[in-house]
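S.K.: For the protein sequence lines, the chains are A and B, in the order given. The first sequence stops at residue 844 when you use our numbering, and every number in between is there. The second sequence stops at residue 844 when you use our numbering, and every number in between is there. Following this message is one structure expressed as structure tokens.
There are 2 protein chains.
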Amino acid sequence: MTLEQTASNRCFEGEQLRFKHQSQTLGCEMVFSLYLPPQAKTQKVPLLYWLSGLTCTDENFVHKAGAQRYAAEHGIAILCPDTSPRGDDVPDDAEGAWDFGKGAGFYVNATQAPWSSHYRMYDYVTQELPEIAAGFDSLDSARCSISGHSMGGHGAMVIALRNPGTYTSVSAFSPIVAPTQCPWGEKALGNYLGEDHSEWANYDACALIAAGASQLPLLVDQGEADDFLEEQLRTELLEQTCSEQGYAATIRRQAGYDHSYYFVASFIGSHIAFHAQTLAAE
Amino acid sequence: MTLEQTASNRCFEGEQLRFKHQSQTLGCEMVFSLYLPPQAKTQKVPLLYWLSGLTCTDENFVHKAGAQRYAAEHGIAILCPDTSPRGDDVPDDAEGAWDFGKGAGFYVNATQAPWSSHYRMYDYVTQELPEIAAGFDSLDSARCSISGHSMGGHGAMVIALRNPGTYTSVSAFSPIVAPTQCPWGEKALGNYLGEDHSEWANYDACALIAAGASQLPLLVDQGEADDFLEEQLRTELLEQTCSEQGYAATIRRQAGYDHSYYFVASFIGSHIAFHAQTLAAE
Numbered sequence: 563m564t565l566e567q568t569a570s571n572r573c574f575e576g577e578q579l580r581f582k583h584q585s586q587t588l589g590c591e592m593v594f595s596l597y598l599p600p601q602a603k604t605q606k607v608p609l610l611y612w613l614s615g616l617t618c619t620d621e622n623f624v625h626k627a628g629a630q631r632y633a634a635e636h637g638i639a640i641l642c643p644d645t646s647p648r649g650d651d652v653p654d655d656a657e658g659a660w661d662f663g664k665g666a667g668f669y670v671n672a673t674q675a676p677w678s679s680h681y682r683m684y685d686y687v688t689q690e691l692p693e694i695a696a697g698f699d700s701l702d703s704a705r706c707s708i709s710g711h712s713m714g715g716h717g718a719m720v721i722a723l724r725n726p727g728t729y730t731s732v733s734a735f736s737p738i739v740a741p742t743q744c745p746w747g748e749k750a751l752g753n754y755l756g757e758d759h760s761e762w763a764n765y766d767a768c769a770l771i772a773a774g775a776s777q778l779p780l781l782v783d784q785g786e787a788d789d790f791l792e793e794q795l796r797t798e799l800l801e802q803t804c805s806e807q808g809y810a811a812t813i814r815r816q817a818g819y820d821h822s823y824y825f826v827a828s829f830i831g832s833h834i835a836f837h838a839q840t841l842a843a844e
Numbered sequence: 563m564t565l566e567q568t569a570s571n572r573c574f575e576g577e578q579l580r581f582k583h584q585s586q587t588l589g590c591e592m593v594f595s596l597y598l599p600p601q602a603k604t605q606k607v608p609l610l611y612w613l614s615g616l617t618c619t620d621e622n623f624v625h626k627a628g629a630q631r632y633a634a635e636h637g638i639a640i641l642c643p644d645t646s647p648r649g650d651d652v653p654d655d656a657e658g659a660w661d662f663g664k665g666a667g668f669y670v671n672a673t674q675a676p677w678s679s680h681y682r683m684y685d686y687v688t689q690e691l692p693e694i695a696a697g698f699d700s701l702d703s704a705r706c707s708i709s710g711h712s713m714g715g716h717g718a719m720v721i722a723l724r725n726p727g728t729y730t731s732v733s734a735f736s737p738i739v740a741p742t743q744c745p746w747g748e749k750a751l752g753n754y755l756g757e758d759h760s761e762w763a764n765y766d767a768c769a770l771i772a773a774g775a776s777q778l779p780l781l782v783d784q785g786e787a788d789d790f791l792e793e794q795l796r797t798e799l800l801e802q803t804c805s806e807q808g809y810a811a812t813i814r815r816q817a818g819y820d821h822s823y824y825f826v827a828s829f830i831g832s833h834i835a836f837h838a839q840t841l842a843a844e
């Protein structure tokens with residue numbers, strides 16, 4: 563596995579890096595960003611995976627969240643993958659929709675043609691990226707947490723819930739909490755996974771919690787002025803499921819905030835502090 | 563004067579706003595961004611003008627600097643104009659160069675055709691924007707400071723130095739300190755102002771300080787890994803001029819940092835704290 567570093571910018575005394583590599587899982591060239599805090603110069607640091615939302619690349623969070631300040635403060639690295647396989651060989655939505663195909667991998671392993679040959683973001687995030695992270699001397703990559711926004715909040719929760727013991731904590735901004743019960747999710751899961759709804763449930767945080775997923779520290783922030791809240795995100799289903807299952811999640815509704823990165827920026831410090839606390843207790 | 567608000571996003575309990583208006587000074591429609599900190603809901607807050615660099619719009623700083631956190635902390639509004647006149651009627655560099663014309667107004671009042679009819683960013687920032695700011699009930703707009711990056715650092719310093727008593731303090735990241743003595747500046751000033759070099763000196767921070775500009779608190783940060791430092795930015799000329807004139811500036815060279823917004827993000831908190839301190843003493 564060969565990584566090529568394509569950018570390096572000093573940021574808050576650490577380094578904001580960018581890499582490209584040929585992904586074996588996805589069958590295409592992929593790019594990811596990695597922030598190394600200043601502490602990484604002298605010790606191994608824990609790792610936060612950040613999964614972005616629809617239409618994003620690895621860079622949106624890096625540019626807009628202002629997370630490096632908090633990562634530097636707490637000594638945590640942040641790894642941001644892209645949101646889907648990329649390249650001319652990768653099939654895309656026939657009509658170029660922004661909610662399916664490239665930029666919209668939904669962190670699943672597709673089972674249906676033509677998607678199944680490249681759209682395997684679940685394996686990419688849970689297997690290939692951790693192997694890559696293990697290759698960095700400055701990362702204590704086994705000590706890790708995961709977070710994300712919108713589609714990436716869905717991805718973070720599903721990945722953490724399905725891999726007990728792997729992630730110390732999980733958090734999400736404006737997550738799609740139940741993709742089996744919203745238009746974005748129904749389109750994506752239907753196309754990527756076909757009509758077998760039992761397979762869909764493996765990619766639905768609410769369904770996983772309802773099925774008895776083991777607990778880990780879970781923090782969710784949801785803006786109350788988010789235009790997607792009612793139809794797509796459906797935070798009430800997570801609140802209801804956690805309540806029914808006695809799952810001790812912290813789900814915060816933030817008055818006046820929308821779906822944008824201004825919302826993420828406003829609370830990412832709180833999320834990184836949350837992960838830092840659980841990672842420090844490891 | 564009619565302002566149309568085109569965006570509003572809650573951010574750090576304040577509001578990130580965007581407006582468009584027909585600029586009388588520039589003869590075209592202009593867009594600017596304004597961050598109102600949470601304190602503005604209950605009291606008048608002071609104002610920091612931010613001037614961006616080559617190729618930027620009003621949004622680069624808003625998206626990438628992470629300044630809202632600090633503005634909210636200190637109770638300071640931030641007004642970010644665009645970097646040049648805009649629109650199909652506005653002449654541009656014949657070859658579409660990024661260092662002249664649209665996106666590169668250099669904060670001057672052009673005297674040469676065809677530029678003089680629209681390129682009047684000096685008057686726009688020093689006259690029209692303050693009039694607009696005075697119309698906001700939540701702004702104590704007479705209590706203001708100014709800052710900027712690269713071309714905008716040049717603009718901030720020139721504007722502060724030429725208008726004693728107007729700005730409480732000035733700061734700059736990676737500023738073009740002596741546009742009369744670097745290729746970017748020579749091209750821009752030559753085209754906008756013609757061959758009369760005495761006029762050029764009115765738009766050169768080093769020349770203004772050398773000519774005895776009155777003192778105000780001045781903070782400059784310059785990355786030592788900045789690719790433009792040696793040929794275009796020439797921080798040593800500012801250091802030398804301030805030293806010769808006994809001008810009490812704080813000029814910091816930051817090891818390892820480049821010209822990007824990662825650098826601005828890393829130190830904007832320090833700059834906003836600097837302005838907050840001088841503004842509070844007003």
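Idealized CB from N, CA, C, for every residue including glycine. Because the structure is a prediction, the values reported are computed rather than measured.
Output yes if chain B places a C-beta closer than 8 Å to the C-beta of A:ALA787; else output no.
M.R.: Yes, A:ALA787 lies at the interface with chain B (some Cβ there is under 8 Å from its Cβ).
S.K.: When Cβ atoms are compared, which residues of the region 811 to 828 of chain B fall closer than 9 Å to chain A?
M.R.: Going along the region 811 to 828 of chain B in chain order, one finds GLN816, ALA817, GLY818, TYR819, ASP820, SER822, TYR823, TYR824, PHE825, ALA827 and SER828 with a Cβ nearer than 9 Å to chain A.
S.K.: On a CA-only basis, which of A:ALA842, A:HIS759, A:ALA569 and A:ASP788 is nearest A:SER712? Give me that one, please.
M.R.: Comparing Cα-Cα distances from A:SER712 to each of A:ALA842, A:HIS759, A:ALA569 and A:ASP788, the minimum goes to A:ASP788.
S.K.: Using a Cβ cut-off of 7 Å, pull out every chain A residue sitting near B:CYS618, in sequence order please.
M.R.: Ordered by position in chain A, no residue passes the 7 Å Cβ test against B:CYS618, which lies about 13 Å from the chain.
S.K.: Restricting to runs no shorter than 3 residues, where is the beta strand (DSSP E) found entirely within the region 626 to 691 of chain B?
M.R.: Runs of the beta strand (DSSP E) inside the region 626 to 691 of chain B: 639 to 643.
S.K.: To which residues of the same chain is A:GLU761 closer than 6 Å at the C-beta, ignoring the five residues directly before and after it?
M.R.: Taken in chain order, the residues that qualify are LEU755.
S.K.: Since B:TYR669 contacts B:THR587 with CB under 8 Å, what's their CB separation in whole angstroms?
M.R.: Incorrect: roughly 12 Å between the Cβ atoms, too far for contact.
S.K.: Please tell me whether B:ARG580 has its Cβ less than 8 Å away from any Cβ of chain A.
M.R.: Judged by the 8 Å Cβ criterion, B:ARG580 is not in contact with chain A.
S.K.: Taking any Cβ of chain B, which residues in the region 770 to 804 of chain A have a Cβ under 9 Å from it, in chain order?
M.R.: Here the close residues are GLY785 and ALA787.
S.K.: Compare the C-alpha of B:PRO726 against each of B:CYS618, B:ALA838 and B:CYS706 and name the closest.
M.R.: The residue with the shortest Cα to Cα distance from B:PRO726 is B:CYS706.
S.K.: How many Å lie between A:PRO608 and A:ALA843 at the Cα?
M.R.: The alpha-carbon atoms of A:PRO608 and A:ALA843 are separated by roughly 12 Å.
S.K.: How big is the Cα-Cα spacing for B:THR564 and B:GLY637?
M.R.: Roughly 26 Å separates the two Cα atoms.
S.K.: Evaluate A:GLY747 with the Cβ neighbour count: other Cβ atoms within 10 Å of its Cβ, from every protein chain shown; 16 or more gives buried, anything less gives exposed.
M.R.: Under this definition A:GLY747 is a buried residue.
S.K.: Do you know whose CA, among B:PRO745, B:ILE640, B:GLY663 and B:LEU610, lies nearest B:ASP650's CA?
M.R.: The candidate whose alpha carbon is nearest that of B:ASP650 is B:GLY663.
S.K.: Please tell me whether B:GLY628 has its Cβ less than 8 Å away from any Cβ of chain C.
M.R.: As a matter of chain content, chain C is missing from the structure shown, whose protein chains are A and B.
S.K.: Are B:ALA718 and B:VAL739 touching if we call contact CB-CB under 8 Å?
M.R.: No, the pair does not count as a contact, with Cβ atoms beyond the cut-off.
S.K.: Is the beta carbon of A:GLN794 less than 8 Å from the beta carbon of A:ARG815?
M.R.: Cβ distance not < 8 Å, so A:GLN794 and A:ARG815 don't count as in contact.
S.K.: Are the region 594 to 609 of chain A and the region 576 to 584 of chain A in contact at 8 Å, needing three or more beta carbon pairs?
M.R.: Taking 8 Å as the limit for Cβ pairs, the verdict is that the region 576 to 584 of chain A does touch the region 594 to 609 of chain A.
S.K.: Do the CB positions of B:ASN571 and B:TYR823 come within less than 8 Å of each other?
M.R.: Not a contact, by the Cβ cut-off of 8 Å.
S.K.: For the region 585 to 630 of chain B, which segments carrying the beta strand (DSSP E) assignment without a break, of at least 3 residues, lie completely within its bounds, in sequence order?
M.R.: DSSP runs (the beta strand (DSSP E)) wholly in the region 585 to 630 of chain B: 590 to 598 and 607 to 613.
S.K.: Please classify B:ASP644 as buried or exposed, where buried requires at least 16 other C-beta atoms within 10 Å of its C-beta.
M.R.: Buried, by the Cβ-count rule.
S.K.: Taking a Cβ distance cut-off of 8 Å, strictly less, list which residues of the region 754 to 770 of chain B are near chain A, in chain order.
M.R.: Answer in chain order: no residues at all.
S.K.: With distances taken Cα to Cα, identify the nearest neighbour of B:ALA544 among B:ARG682, B:GLU693, B:VAL782 and B:HIS625.
M.R.: Since the first residue shown for chain B is 563 and the last is 844, residue 544 of chain B is missing from the structure and cannot be characterised.
S.K.: For a quick check, are the C-beta atoms of B:TYR729 and B:LEU778 less than 8 Å apart?
M.R.: Yes, the Cβ-Cβ distance between B:TYR729 and B:LEU778 is below 8 Å.
S.K.: By Cβ distance below 8 Å, which residues in the same chain neighbour A:ALA569 in space, the five residues on each side in sequence not counted?
M.R.: Hits under 8 Å: GLN578, LEU579 and ARG580.
S.K.: So is A:HIS759 buried or exposed if we call it buried at 16+ other beta carbons inside 10 Å?
M.R.: A:HIS759 should be labelled exposed.
S.K.: Out of curiosity, what's the CA-to-CA distance linking B:ASP655 and B:HIS716?
M.R.: Distance between the alpha carbons of B:ASP655 and B:HIS716 is about 21 Å.
S.K.: What number of angstroms, rounded off, separates the C-alpha of B:CYS744 from the C-alpha of B:ARG796?
M.R.: Taking the straight line from one Cα to the other gives about 8 Å.
S.K.: Along the beta strand (DSSP E) that carries B:PHE829, what are the first and last residues, could you check?
M.R.: Looking at the DSSP string, B:PHE829 is not in any beta strand (DSSP E); the run it does join, the alpha helix (DSSP H), is 823 to 842.
S.K.: Between B:PHE735 and chain A, is the shortest Cβ-Cβ distance under 8 Å, so that the two count as touching?
M.R.: Chain A contact via Cβ: absent.
S.K.: Alpha carbons only, please: which of A:GLU657, A:ILE708 and A:ALA772 is nearest the one belonging to A:ALA639?
M.R.: The residue with the shortest Cα to Cα distance from A:ALA639 is A:ILE708.
S.K.: For B:ALA671 and B:MET592, I'd like the C-alpha separation in whole angstroms.
M.R.: Strictly speaking, residue 671 of chain B in this sequence is Asn, with Ala absent from that position. Using only the alpha carbons, I get a separation of about 16 Å.
S.K.: Since A:PHE836 meets chain B, which of its residues come closer than 8 Å, beta carbon to beta carbon?
M.R.: Within 8 Å Cβ-Cβ: nothing; A:PHE836 doesn't reach chain B, min ~17 Å.
S.K.: Could you check if B:TRP660 is buried or exposed, using at least 16 other CB atoms within 10 Å of its CB as the buried criterion?
M.R.: Classification of B:TRP660: exposed, given that the 10 Å Cβ count is below 16.
S.K.: Give the DSSP-derived three-state secondary structure of B:GLU801 in the structure shown.
M.R.: Of the three classes helix, strand and coil, the one that applies to B:GLU801 here is helix, per DSSP.
S.K.: Quick one: give me the first and last residue of the beta strand (DSSP E) that B:ILE708 is part of.
M.R.: Element bounds for B:ILE708: 701 to 711.
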